[in-house]
Amino acid sequence: MPHQPNNATSDLDMKNSEVMPDPTVSLAGASAFPADVPSKPSAEGKKILLATPRGYCAGVDRAVDAVEKALDLYGAPVYVRKEIVHNKFVVETLTERGAIFVHDTDDVPEGARVVFSAHGVSPEVHEQAARRQLMTIDATCPLVTKVHKQAVRFADEDFDILLIGHEGHEEVEGTQGEAPDHIQVVNGPEDVATVQVRDPDRVVWISQTTLSVDETMKTVELLRKRFPNLIDPPSDDICYATQNRQGAVKVMAPMADVVIVVGSANSSNSVRLVEVALESGAGAAYRVDKASEVQREWFTGAKTVGVTSGASVPEILVRDVVTVLKDAGFTEVENVATAQEDVRFSLPKNLRADLKATGAEVDRPHKARDKNANISNARANKSI
Ligand code: 10D
Ligand code: SF4
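Using the working numbering, you'd call the opening residue of the sequence shown number 1 and step up by one each time.
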């Protein structure tokens with residue numbers, strides 16, 4: 001059935017892939033594409049609802065840009081520890097361009113250049129890289145770094161830290177590695193009963209950035225029943241992009257017979273969008289990596305199909321899905337916009353400095369989103 005499992009392990013095995021990326025194809029996010037997808041009235045009333053925001057968040061945009069710019073500046077190969085973001089097409093396209101994705105720093109030749117993925121790494125990984133004299137470019141999203149800093153601070157104050165997140169996910173491994181003696185992972189509501197702490201009055205919760213907002217709140221509620229003095233993190237750990245993409249799906253899903261989420265199986269935030277669609281009233285919801293996975297029988301009798309994509313998904317993959325739907329008669333396109341995003345992160349410092357030194361372009365130009373879209377919830381419009 002439509003519910004997709006969250007396969008938290010990265011798929012770095014390129015040999016078995018069906019995706020055939022063109023190395024010249026655009027890996028840009030939705031903000032770099034025209035805001036309007038052409039729409040034509042459908043005689044049968046068949047309509048696509050296109051969720052906005054969808055696709056690339058600021059952290060993914062920065063991380064993918066970092067690998068692209070490193071390849072341009074230093075030349076191939078550039079090593080990348082783990083998938084730079086959890087998207088098959090991104091990883092395979094960058095591989096075509098000369099990136100070499102490895103599981104660990106031990107797989108990188110001594111003294112070579114390696115990019116750390118957007119999901120972040122533990123201090124131990126930084127130490128391993130230093131021991132091998134690797135030149136590192138840290139593409140950890142600044143919003144993940146923020147959670148790392150919270151973990152360090154609460155560990156310094158000797159709190160028991162409950163990290164709500166998926167065991168085995170790279171972001172969780174990185175955050176936990178900041179203070180392994182103080183942090184325990186709580187996967188979800190089902191884990192709450194077995195949590196053990198030293199002092200119930202000195203417990204704080206923090207979380208992975210890409211969880212379901214509603215499920216996390218349920219977990220926190222249950223934790224608070226056990227530990228009434230549980231401390232909240234100083235600010236939201238589930239990031240603006242995760243919240244906004246789920247918010248748009250919540251509005252779109254009740255109007256949709258079927259929802260299609262573009263995103264890879266190991267992308268936590270993409271898989272959460274399928275769950276949110278189903279919980280919010282979509283008739284059915286499916287995740288696809290690419291347009292060729294869309295199956296016509298999903299739309300038998302359907303009038304309205306919702307489309308969205310995870311934070312690691314280039315817009316080109318969404319446009320391909322829209323094309324397939326148009327061929328199936330869903331020619332009318334309506335934008336369901338619930339938030340406007342204008343968040344940008346600058347490239348990792350050392351990469352930026354090297355780019356500047358050679359006079360190379362530091363920023364990728366982005367086309368502004370449609371400012372006239374129907375916005376009901378504008379969040380996080382700032383540059384860091
Ligand atoms: O699995 P995920 O949702 O955490 O990662 P993905 O690479 O799909 O999306 C970007 C999210 C990051 C880098 C976590 F902050
Ligand atoms: Fe950063 Fe959020 Fe994107 Fe993760 S999903 S990379 S935390 S902006």
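Even glycine gets a Cβ: it sits at the ideal position worked out from N, Cα and C. All figures in this text were calculated on a predicted structure; none of them were measured in a lab.
Cutting at 7 angstroms between CB atoms, please list the residues of its own chain near residue i, excluding the five before and the five after it.
i: Lys-218; result: Pro-189
i: Met-14; result: At Met-14, the pLDDT of 34 sits below 50, so the modelled position is not reliable; the number obtained from the coordinates is stated separately. Hits under 7 angstroms: Glu-92, Thr-95.
i: Phe-299; result: Val-258, Val-305, Ala-328
i: Arg-352; result: Ser-346, Val-362
i: Ser-280; result: Val-249, Lys-250, Ala-253, Pro-254
Let's see if you can read the secondary structure: which residues bound the beta strand (DSSP E) around residue i?
i: Asn-335; result: 332–337
i: Gln-243; result: Where Gln-243 is concerned, there is no enclosing beta strand (DSSP E), although the alpha helix (DSSP H) it sits in stretches over 240–252.
i: Val-258; result: 258–262
i: Arg-80; result: The sequence shown places Val at residue 80, rather than the Arg named in the question. Run containing Val-80: 78–81, per the beta strand (DSSP E) assignment.
Any idea what DSSP makes of residue i, helix, strand or coil?
i: Asn-374; result: Per-residue confidence for Asn-374 stands at a pLDDT of 28, beneath the threshold of 50, marking its modelled position as unreliable; no derived number is given.
i: Ser-452; result: Outside the displayed span of the chain (1 to 384) sits residue 452, for which this structure offers no information.
i: Leu-143; result: helix
i: Arg-131; result: helix
i: Thr-323; result: helix
i: Asp-36; result: coil
i: Val-121; result: coil
i: Leu-355; result: helix
i: Ile-231; result: strand
i: Val-102; result: strand
i: Ala-151; result: helix
i: Ala-193; result: helix
i: Val-108; result: coil
i: Arg-54; result: coil
i: Asp-236; result: coil
i: Val-25; result: coil
For the alpha helix (DSSP H) holding residue i, just list the boundary residues, first then last.
i: Thr-95; result: 88–97
i: Ser-268; result: 268–279
i: Arg-62; result: 58–74
i: Val-172; result: 170–176
Which word fits residue i, buried or exposed, when buried means at least 16 other C-beta atoms lie within 10 angstroms of its C-beta?
i: Arg-296; result: exposed
i: Gln-196; result: exposed
i: Met-1; result: Its pLDDT being 31, under 50, Met-1 is placed unreliably in this model, and the coordinates cannot settle the point.
i: Val-25; result: exposed
i: Asp-354; result: buried
i: Glu-157; result: exposed
i: Thr-216; result: buried
i: Ser-312; result: buried
i: Asn-350; result: exposed
Which same chain residues end up closer than 6 angstroms to residue i when comparing Cβ atoms and leaving out the 5 residues on each side of it in sequence?
i: Ala-99; result: Val-67, Val-78, Val-80
i: Cys-239; result: Leu-143, Thr-209
i: Ala-76; result: Gly-98
i: Ala-129; result: Thr-105, Thr-136
i: Gly-29; result: Gly-55, Tyr-56, Asp-61, Glu-315
What residues in its chain sit with their C-beta under 8 angstroms from that of residue i, if we drop five residues either side in the sequence?
i: Asp-199; result: Asp-160
i: Asp-181; result: Ala-155
Based on the DSSP output, what are the partners of residue i in its beta bridges?
i: Asp-138; result: Phe-116
i: Gln-184; result: Leu-162
i: Ile-48; result: Val-305, Val-333
i: Val-343; result: None; Val-343 has no bridge partner.
i: Arg-198; result: Arg-198 is not bridged to any residue.
i: Arg-224; result: According to DSSP, Arg-224 bridges with nothing at all.
i: Val-288; result: Val-262
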